[in-house]
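Novice: Could you have a look at this structure, given as structure tokens, before my questions?
Number of protein chains: 2
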Amino acid sequence: MAGRVQPVRFEPVQPVRAYQRIVEQIEDALARGELTPGQRLPSERELVTQFAVSRSTVREALRVLESNGVVRSRPGDPNGPEILPFSQGPLRKQMTRLARVDELTLAELIAFRMIMDGAAIQLASRLRTDEQLAEMEQTLVAMREAIDIDFAAFSEADVAFHEAVARVSRNSLIQTCNEVVRGVVLSLISDKIAHATNSRALMLASLEHHTEVVEAIRAGDGHAAARLARQNLYDYYATYVPEPARDPLRALIDD
Amino acid sequence: MAGRVQPVRFEPVQPVRAYQRIVEQIEDALARGELTPGQRLPSERELVTQFAVSRSTVREALRVLESNGVVRSRPGDPNGPEILPFSQGPLRKQMTRLARVDELTLAELIAFRMIMDGAAIQLASRLRTDEQLAEMEQTLVAMREAIDIDFAAFSEADVAFHEAVARVSRNSLIQTCNEVVRGVVLSLISDKIAHATNSRALMLASLEHHTEVVEAIRAGDGHAAARLARQNLYDYYATYVPEPARDPLRALIDD
DNA sequence: AGATGTGACTGGTCCGACCAGTGGACTAGG
DNA sequence: CCTAGTCCACTGGTCGGACCAGTCACATCT
Numbered sequence: 004m005a006g007r008v009q010p011v012r013f014e015p016v017q018p019v020r021a022y023q024r025i026v027e028q029i030e031d032a033l034a035r036g037e038l039t040p041g042q043r044l045p046s047e048r049e050l051v052t053q054f055a056v057s058r059s060t061v062r063e064a065l066r067v068l069e070s071n072g073v074v075r076s077r078p079g080d081p082n083g084p085e086i087l088p089f090s091q092g093p094l095r096k097q098m099t100r101l102a103r104v105d106e107l108t109l110a111e112l113i114a115f116r117m118i119m120d121g122a123a124i125q126l127a128s129r130l131r132t133d134e135q136l137a138e139m140e141q142t143l144v145a146m147r148e149a150i151d152i153d154f155a156a157f158s159e160a161d162v163a164f165h166e167a168v169a170r171v172s173r174n175s176l177i178q179t180c181n182e183v184v185r186g187v188v189l190s191l192i193s194d195k196i197a198h199a200t201n202s203r204a205l206m207l208a209s210l211e212h213h214t215e216v217v218e219a220i221r222a223g224d225g226h227a228a229a230r231l232a233r234q235n236l237y238d239y240y241a242t243y244v245p246e247p248a249r250d251p252l253r254a255l256i257d258d
Numbered sequence: 004m005a006g007r008v009q010p011v012r013f014e015p016v017q018p019v020r021a022y023q024r025i026v027e028q029i030e031d032a033l034a035r036g037e038l039t040p041g042q043r044l045p046s047e048r049e050l051v052t053q054f055a056v057s058r059s060t061v062r063e064a065l066r067v068l069e070s071n072g073v074v075r076s077r078p079g080d081p082n083g084p085e086i087l088p089f090s091q092g093p094l095r096k097q098m099t100r101l102a103r104v105d106e107l108t109l110a111e112l113i114a115f116r117m118i119m120d121g122a123a124i125q126l127a128s129r130l131r132t133d134e135q136l137a138e139m140e141q142t143l144v145a146m147r148e149a150i151d152i153d154f155a156a157f158s159e160a161d162v163a164f165h166e167a168v169a170r171v172s173r174n175s176l177i178q179t180c181n182e183v184v185r186g187v188v189l190s191l192i193s194d195k196i197a198h199a200t201n202s203r204a205l206m207l208a209s210l211e212h213h214t215e216v217v218e219a220i221r222a223g224d225g226h227a228a229a230r231l232a233r234q235n236l237y238d239y240y241a242t243y244v245p246e247p248a249r250d251p252l253r254a255l256i257d258d
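Just so you know, the protein sequences line up as chains Y and L, in that order.
Residue numbers for the first sequence follow the numbering used here, so the first one is 4 and each next one is one higher.
Residue numbers for the second sequence follow the numbering used here, so the first one is 4 and each next one is one higher.
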């Protein structure tokens, strides 16, 4: 008799396309270490025979792998597609998509920056070497010089400062998140910033803030440095945030 | 006379494939809001005429978009490919990939969690309403009950707690990042956790920590709450991090 | 009205073809 | 002997057409 003591649980199944299986096979080989960056894949026509599918299917698989940063195909290359070293590019792409599409408010993005930047500076004040401190101070000098040139130049120098801090914090995830969110924020308010009349005063104030941050880093006071950094971001961006949405930002500054 | 006062700077150029232009057009339309999740793309054959390319090219573009979680194609669907809402799937995939090859270390991921979770709790302690505080305390009760059931059940209740906190913090970017990184961390050390012998003691300690955090939130002491949360994560995960890499984690706890 | 069947679509896969490049081998020149 | 040039097999990129299995809307039949 067929018992029915325990009802069998079936799970919904979605069709697996041929090109997906190819992607899986190649990614698995990569995860197992059978394929390493720098190596070459066989040519598309060779893969056709190995996987026993058409070239269209092989190509769709290669396009997926390529968009994920796993391989790169070059026309005419007799060695075939190249296995690439791992890069944060695709991760950044996904995060940008998250920040742009997921109906995020400007206030959320700025709060995120305050958190990330503060944490990076807190880490930096603890982990920095003397050489790295000197590097950071060097970027301050560049900022001061940039003030007399151009707002774009100042912005560039500012980016250099934050990149130096991120390097010191030795956390590439923080670094990547920060860069992505900074880019998205700038794309949201770049037009408004361009119209700022008192840009020179803004730049001077920003430089002043950065200098205080570096002083706190030199003193090894991570908590003060982080707080200053968050305050700086708040002062810089708060005017673009509607008043009721500023509450969470202030919550990140008060102790 | 052709002057050569300022040498022209040329930049390296790499060929842009047709399918990439299609991807760009669709992604741009999405970024501009002309395409929103739930809408449908024209059928492949219709896209062929709109983009004036072959179906192979259109399909390669769709495969790329599909692997990035932007659209989904179903055979036979007369409405055409569907624009998907944002999903953390691809983001997690990229992070997991980087974490597996040591491009991201476990220490970096945990530091990230300590920062994000601490910030979320700091925000929550400032922004919470009384009802939300009650909700969080309710999840603590669920955690206590789960201890007697199963480690998986406890883990689930823990997730519920953190989700409640993230809701209160009213920042979906923090929430998403936290979820993604938690998933990646778990996938990296799930095998080791399964072998933990003193899991009951771990669960009790974790519950104790969470209770303290909620107390600090009730008191409105965001700084203490955040510090406790970071300490909790450190105690929970530090054993899986090699000693020299724990320094940055400790730097996030010390005041 | 409800069940049923039909047909115009869909995407998934395959095939064969052409093109513009690349790079190595081979050859002609020093 | 070595170098410079040519040549050609082969690469990936794109195209057009074909077939299949599945889906859904609609018209048909009971």
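Glycine residues also receive a C-beta, built at the ideal position from the N, C-alpha and C atoms.
1. Could you tell me the distance, in whole angstroms, from the CA atom of L50 of chain Y to the CA atom of Q91 of chain Y?
2. Along chain Y, which residues have their Cβ under 7 Å away from the Cβ of V67 of chain L?
3. If the cut is a Cβ gap below 9 Å, which residues of chain Y does R131 of chain L touch?
4. Along the stretch 29–41 of chain L, what residues have a CB closer than 9 Å to any CB found in chain Y?
5. At which residues does the alpha helix (DSSP H) containing Y22 of chain L begin and terminate?
6. Is any heavy atom of the ligand FMN found at a distance shorter than 6 Å from the C-beta of A163 of chain L?
7. Measure the CB-CB distance between A167 of chain L and T142 of chain L and report whether it falls below 7 Å.
8. Nearest-angstrom Cα distance between T60 of chain Y and L207 of chain L?
9. Would N174 of chain Y count as contacting chain L if we go by Cβ distances under 7 Å?
10. Which of the residues in the stretch 202–229 of chain Y, read from start to end, lie with their CB under 8 Å from any CB of chain L?
11. At a Cβ cut of 8 Å, what residues of the stretch 117–150 of chain L count as close to chain Y, listed as they run along the chain?
12. Do E63 of chain L and Y22 of chain L have their C-beta atoms within less than 7 Å of each other?
13. Would you check if the distance between the CB atom of A156 of chain L and the CB atom of A163 of chain L is smaller than 7 Å?
14. Closer than 7 Å by beta-carbon distance: list the chain L residues that pair up with L327 of chain Y, in chain order.
15. Distance cutoff 7 Å, beta carbons only. Does P251 of chain L sit that close to anything in chain Y?
16. From T108 of chain L to V244 of chain L, what does the alpha carbon distance come to, in whole angstroms?
17. Which residue comes first and which comes last in the alpha helix (DSSP H) that contains I256 of chain L?
18. Considering only the alpha carbon of each residue, which of L:E134, L:D80, L:D105 lies closest to L191 of chain L?
19. Can you pull the chain Y neighbours of A21 of chain L, defined as C-beta to C-beta under 7 Å?
20. Can you confirm whether L236 of chain L, when its beta carbon is compared against all beta carbons of chain Y, has any partner nearer than 7 Å?
21. Flag A114 of chain Y as yes if its beta-carbon sits less than 7 Å from any beta-carbon of chain L, otherwise no.
22. Leaving out the 5 sequence neighbours to the left and right, which residues in its chain are closer than 8 Å to R147 of chain Y when beta-carbon positions are compared?
23. Could you work out which residue in Y:V216, Y:G223, Y:N82, Y:A241 is closest to R230 of chain Y when comparing CA atoms only?
24. Below 8 Å on the Cβ atoms is my contact criterion, and I expect V171 of chain L with R95 of chain L to pass it. Report the Cβ-Cβ distance as a whole number of Å.
25. Can S128 of chain L and I29 of chain L be called in contact, C-beta distance under 7 Å?
26. Go ahead and pull the three-state DSSP assignment for V244 of chain Y.
27. If you reduce the DSSP assignment to three classes, tell me which class V104 of chain L lands in.
28. Measure the alpha-carbon distance for P251 of chain Y versus R203 of chain Y and round it to whole angstroms.
29. Buried or exposed: which applies to V144 of chain Y, given that a residue is buried once 16 or more other Cβ atoms fall within 10 Å of its Cβ?
30. Using 10 angstroms around the beta-carbon of D161 of chain Y, count the other beta-carbons present and answer buried if the total reaches 16, otherwise exposed.
Specialist: Taking the coordinates as given:
1. 28 Å
2. R66, V67, S70
3. Result: empty, since nearest Cβ-Cβ is about 11 Å, beyond 9 Å.
4. E30, L33, A34, P40
5. 21–34
6. This structure lacks the ligand FMN; in fact it carries no ligand of any kind.
7. yes
8. 53 Å
9. yes
10. G225, H226
11. I118, M119, A122, Q125, L126, R129, L130
12. yes
13. no
14. For chain Y, the structure presents residues 4 to 258; residue 327 of chain Y sits outside this window and is missing.
15. yes
16. 9 Å
17. That residue, I256 of chain L, is in no alpha helix (DSSP H); it is neither H nor E in DSSP.
18. L:D105
19. What A21 of chain L touches in chain Y: nothing, since even the nearest Cβ is about 12 Å away.
20. no
21. yes
22. L210
23. Y:V216
24. About 24 Å; that fails the 8 Å criterion.
25. no
26. coil
27. coil
28. 28 Å
29. exposed
30. buried
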